[in-house]
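So the sequence shown is numbered by my numbering: it starts at 134 and just counts up by one.
Glycine residues also receive a C-beta, built at the ideal position from the N, C-alpha and C atoms.
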Amino acid sequence: MRLITLNLLMCNSVECSGRNQPLFLNPGEITQGTTQFNHNLAVRMLGKLDWPSFTNNALSLGHELPDAITEADHQNQELMQRIFDIMFNIEIQAGTLLCQNCNRDYPIEKGIPNMLPRDQ
134 MRLITLNLLM CNSVECSGRN QPLFLNPGEI TQGTTQFNHN LAVRMLGKLD WPSFTNNALS
194 LGHELPDAIT EADHQNQELM QRIFDIMFNI EIQAGTLLCQ NCNRDYPIEK GIPNMLPRDQ
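Take a look at the structure:
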């Protein structure tokens with residue numbers, strides 16, 4: 134699972150219905166992908182990200198990013214390359230995702246998060 138995908142996932146627990154927020158990553162096994170840098174794609178995806186959640190999860194993997202991104206930052210090739218690599222080239226093979234509302238965890242195995250509801 135890539136970090137860009139994680140940014141789209143939310144808790145599916147009944148307890149969190151209507152107040153979902155992005156999940157927090159507890160990383161286990163991480164691999165490095167080889168997706169070629171695409172500046173336009175990186176800029177387009179910035180508008181779709183929950184930036185605070187993305188930077189928080191990137192930090193859990195040891196990658197520090199600025200608190201905010203400005204239009205001027207879009208022209209900073211080095212920064213955009215780093216953001217692109219974090220979005221598309223960090224692949225989480227194992228770990229857990231944690232809902233900060235209800236404390237439910239979702240395991241990640243072989244790069245796939247198990248988002249199925251548990252029996253109550």
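Environment of I216 [buried if 16+ CB atoms lie within 10 Å] | Translated into the one-based positions of the sequence shown, residue 216 becomes position 83. Buried, because 16 or more other Cβ atoms sit within 10 Å of the Cβ of I216.
Contact the segment 223-238 vs the segment 197-213: 3+ CB pairs below 8 Å = no
Can you name the start and end residues of the alpha helix (DSSP H) that F187 belongs to?
-> The count along the sequence shown starts at 1 and reaches residue 187 at position 54. Where F187 is concerned, the enclosing alpha helix (DSSP H) stretches over W184 to S193.
Can you say whether P249 is buried or exposed, counting buried as having 16 or more other CB atoms within 10 angstroms of its CB?
-> By one-based count along the sequence shown, residue 249 stands at place 116. The displayed chain sequence assigns Leu, not Pro, to residue 249. So L249 ends up on the exposed side.
Is E197 helix, strand or coil when you go by DSSP?
-> The residue you call residue 197 lines up with position 64 of the sequence shown. Residue state, collapsed to three classes: coil.
Going by DSSP, name the residue or residues bridged to E224.
-> Here residue 224 refers to the residue found at position 91 when the sequence shown is read from its first residue. DSSP output for E224 lists R135 and T164 as bridge partner(s).
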